[in-house]
Amino acid sequence: FLEITPLYMGHLKSLNVTYNYSSGSEHTKTVGGAIELIGVCRNCTNSPEIGLRNKQTEGILQLEKPLENDILDLKYVAALSSFAPGVFFESLDNVPYNFEPLKFSFNYWSPVNEILESPEQTYFGDGGSIENINLISFIQRRVEKVILFYIGTTPLQPSNKWNVSETLCQDKDYVSDFLSAFFGVINENRDENQKTYYSYDRDQIFDTSDYTEVINGLQQAQSDGNGIIYTTNLTTIENDWWGIPSGITTQITFVYLGRVLNWESSLSDEMKSLLIPSENSDDLSVDISSGPFKGFPHYLTTGGAINYERANVLADLTGWTILKNEELFRSVLS
């Protein structure tokens with residue numbers, strides 16, 4: 002898992018990662034450490050011979066200068082970071098020739114070893130496969146306040162359907178595993194495709210005992226009808242894989258996409274008929290099942306599933322929610 006930011010590219014925890022392939026073969030690669038983007042070259046064949054010396058945490062390395070059309074620029078990074086087919090390609094020993102034009106790769110090397118490995122053409126894919134909401138890197142950098150926007154396709158089940166104090170995880174999705182994974186709660190009954198393409202098992206950074214408070218807070222906000230938002234202070238437990246120590250306290254505001262009662266009540270009759278389900282409308286986990294806004298607000302925003310109308314109504318809902326909770330957001334951002 003690499004972060005690519007305006008300041009650096011890399012991973013803040015150094016690891017020796019073993020990659021397992023569908024053929025049964027495997028290989029181990031050192032990942033970690035960060036270098037400035039100016040030193041990242043998509044196709045350069047050489048890395049420095051010497052990396053950071055023992056116990057050094059920073060240094061200057063002499064690098065091959067990338068050509069102008071070979072740099073890791075913003076357009077390439079944006080495409081790379083959401084390249085979902087990469088989850089499939091990473092399981093293959095060799096990417097088939099006819100898939101080559103689809104691949105996203107660059108010659109990756111890690112600066113953390115004193116004697117550096119040669120750069121390897123390394124394939125990359127959508128980071129959402131191992132952490133779909135980028136919280137962990139903020140915790141690594143000790144950011145004190147974080148706002149998380151959950152805009153997935155899983156509705157939050159209301160409290161009259163799910164008592165989280167009695168059952169943390171149901172056979173069906175009661176809340177997005179993007180959120181629950183941070184508390185070590187994984188739905189083991191998810192389908193095989195989800196198990197293959199998403200790996201959130203290493204993402205726990207908060208105690209499971211804090212999960213109930215967060216879910217209860219979100220469910221209460223859902224019932225209040227002004228947006229599914231909850232703010233709390235959470236303290237980390239140790240996660241060696243991500244390099245997270247225990248004892249880091251962060252204020253986190255969870256903003257969860259879902260139906261918002263008071264926004265719905267402000268709609269015209271025409272829009273109500275398009276956006277609010279005609280049956281079981283009191284159940285806030287039920288979305289409209291037909292029409293041009295089928296699935297609102299949880300429809301996919303990828304793969305051609307969204308158009309101007311769908312985007313505009315989603316923007317109206319979320320914008321209304323932020324303005325309705327202006328005092329909270331001003332407090333969090335102050």
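Quick note on my numbering: the sequence shown kicks off at 2 and runs consecutively.
Where a beta carbon is used, it is the ideal one built from N, C-alpha and C, also for glycine.
Inset, instruction - Please state if the CB of V113 and the CB of T31 are separated by a distance shorter than 8 Å. - result: yes
Legend entry - The alpha helix (DSSP H) enclosing I253, as first and last residue numbers: Counting along the chain, I253 falls outside any alpha helix (DSSP H), though it belongs to the beta strand (DSSP E) covering 250-257.
Inset, instruction - Could you check the C-alpha separation between P86 and G126 for me, to the nearest Å? - result: 7 Å
Inset, instruction - Pair every Cβ in the region 283-290 with every Cβ in the region 231-246, then say whether three or more of these pairs are closer than 8 Å. - result: no
Inset, instruction - Give every residue of the same chain whose Cβ lies closer than 8 Å to the Cβ of T322, excluding the five residues on either side of it in the sequence, and list them in chain order. - result: N227, G228, I230, V256, V261, W264
Legend entry - Same chain, Cβ closer than 6 Å to V165, five either side skipped, listed in chain order: T213, I216
Legend entry - CA-to-CA distance, N133 to S210, given in whole angstroms: 22 Å
Legend entry - CB contact flag (V176, T155, <8 Å): yes
Legend entry - Per-residue DSSP class, three states only, for Q221: helix
Legend entry - A312 - containing alpha helix (DSSP H), residue span: 309-325
Inset, instruction - Provide the residue(s) that pair with V147 in DSSP beta bridges, ordered along the chain. - result: I253
Inset, instruction - Output yes or no for whether 8 Å exceeds the beta carbon distance between T254 and L149. - result: yes
Legend entry - For Q141, the three-state DSSP class (helix, strand or coil): helix
Legend entry - For P7 and F105, the rounded distance between their alpha carbons: 19 Å
Legend entry - Residue burial classification, S181 (beta-carbon count within 10 angstroms, cutoff 16): buried
Inset, instruction - With DSSP collapsed to three states, give me the class of S332. - result: helix
Legend entry - 8 Å Cβ cutoff met for S15 and G33: yes
Legend entry - Residue of T236, A222, G259, I116 minimising C-alpha distance to N326: A222
Inset, instruction - Check each candidate in E145, P67, Q122, P49 and name the one with the smallest Cα separation from Q252. - result: E145
Inset, instruction - Note down, in chain order, each residue of its chain lying with its Cβ closer than 7 Å to the Cβ of L268, except the 5 sequence neighbours on either side. - result: L276
Inset, instruction - Apply the 10 Å Cβ neighbour rule to R142 and answer buried if 16 or more other Cβ atoms are within range, or exposed otherwise. - result: exposed
Inset, instruction - Out of V147, K66, E310, E280, state which residue places its alpha-carbon closest to the alpha-carbon of C45. - result: K66
Legend entry - Alpha-carbon spacing of K76 relative to S160, whole angstroms: 43 Å
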